[in-house]
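Residue numbers (the working numbering), protein chains in the order written: chain A, 133 to 247; chain B, 4 to 115.
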Amino acid sequence: DAGVTQSPTHLIKTRGQQVTLRCSPKSGHDTVSWYQQALGQGPQFIFQYYEEEERQRGNFPDRFSGHQFPNYSSELNVNALLLGDSALYLCASSSILAGEGNEQFFGPGTRLTVL
Amino acid sequence: QQQVKQSPQSLIVQKGGISIINCAYENTAFDYFPWYQQFPGKGPALLIAIRPDVSEKKEGRFTISFNKSAKQFSLHIMDSQPGDSATYFCAASNQAGTALIFGKGTTLSVSS
Chain A
133 DAGVTQSPTH LIKTRGQQVT LRCSPKSGHD TVSWYQQALG QGPQFIFQYY
183 EEEERQRGNF PDRFSGHQFP NYSSELNVNA LLLGDSALYL CASSSILAGE
233 GNEQFFGPGT RLTVL
Chain B
4 QQQVKQSPQS LIVQKGGISI INCAYENTAF DYFPWYQQFP GKGPALLIAI
54 RPDVSEKKEG RFTISFNKSA KQFSLHIMDS QPGDSATYFC AASNQAGTAL
104 IFGKGTTLSV SS
């Protein structure tokens, strides 16, 4: 049973460019959350998708957008990249149907470097 | 307030010792408190989680102690091993599965 997978592993972009990161949830999971982890910091919640809709959003600008597909996989898009967007982007999956057992499992992340 | 405050920032423990990491929160609506372990270059891995209806939960060498009135919770790692050397994050959310608010992390080094 594959866990949460993310692609690509590493990415280098320049300021002003746009980037798309991808996530496949753990088998049986229907909810995907995205987090940004700056170096030496804890992850910060960006947003969560369930049933192809944005269910919850953290304090991130509109440059950060997302999408969830019918197969529950998800994309994170960041427009007009800034140097400060350099971070590890983590995807976490969970299952709404699990109720109180609705724990979030993280993927290995995508390391984004903005030059 | 959405913050979760974690201490200490770093911790050095001898092999076989007890590692203790503390967290405090402000938002009384939080009702789910997980701990994650992260190795360099990897994503966080769920270690153990607790809800405020119990004061303690133990899984193997890992124990969470929870003090609802003080709005504090802690992770105890018994018989610490070099393989436990990692960064540990406490987190909190309004309910399991929703946005996790993380502490800033504790880097644990277990010396052999």
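Just so you know, even glycine gets a beta-carbon here, dropped at the ideal spot from N, CA and C. The structure presented is a predicted model; accordingly, all values stated were derived computationally and were not measured.
- Identification of chain A residues near Leu49(B) by a Cβ-Cβ cut-off of 9 Å yields Glu235, Gln236, Phe237 and Phe238, ordered along the chain.
- At a beta-carbon threshold of 8 Å, the residues of chain B lying near Phe177(A) are Ala102, Leu103 and Ile104, ordered along the chain.
- Contact check for Thr146(A) against Val246(A) passes: the beta carbons are separated by less than 8 Å.
- Unbroken beta strand (DSSP E) runs of no fewer than 3 residues, entirely contained in the region 159-187 of chain A, are found at 163-169 and 176-182, following chain order.
- Secondary structure of Leu229(A) (DSSP, three-state): helix.
- According to the DSSP assignment, Phe76(B) belongs to the beta strand (DSSP E) that extends over Gln75 to Ile80.
- For Tyr167(A), the closest alpha carbon among the candidates Cys223(A), Ile228(A) and Leu244(A) is that of Cys223(A).
- Selection Leu111(B), Ser72(B) and Ser112(B) evaluated against Glu29(B) yields Ser72(B) as nearest (Cα-Cα).
- A contact between stretches requires three or more CB pairs, one per stretch, nearer than 8 Å, and the region 189-208 of chain A meets this requirement with the region 171-179 of chain A.
- In this structure, the beta-carbon distance from Asp34(B) to Gln98(B) falls below 8 Å.
- At a cut-off of 8 Å between beta-carbon atoms, Pro55(B) makes no contact with chain A.
- Segment contact: the region 10-18 of chain B against the region 77-94 of chain B, three or more CB-CB distances shorter than 8 Å; contact assigned.
- Between Gly46(B) and chain A, the shortest Cβ-Cβ separation is below 8 Å.
- Taking the Cβ atoms as the reference, Ser88(B) lies roughly 5 Å from Val113(B), within the contact range of under 8 Å.
- At least 8 Å separates the CB of Ser225(A) from every CB of chain B.
- With its beta carbon at least 8 Å from every one in chain A, Phe42(B) lies outside the interface.
- Of the residues assessed, Ile21(B) falls on the exposed side of the cut-off, its CB having fewer than 16 other CB atoms within 10 angstroms.
- For Pro240(A) against Gln138(A), the beta-carbon gap comes to about 6 Å, under 8 Å, which counts as contact.
- The distance from the Cβ of Ser156(A) to that of Ser205(A) is about 5 Å, consistent with a contact at the 8 Å cut-off.
- Close to Gln180(A), with beta-carbon spacing below 9 Å, are these residues of chain B in chain order: Gly100, Thr101 and Ala102.
- If you draw a straight line from the Cα of Gly148(A) to the Cα of Leu213(A), it comes to about 5 Å.
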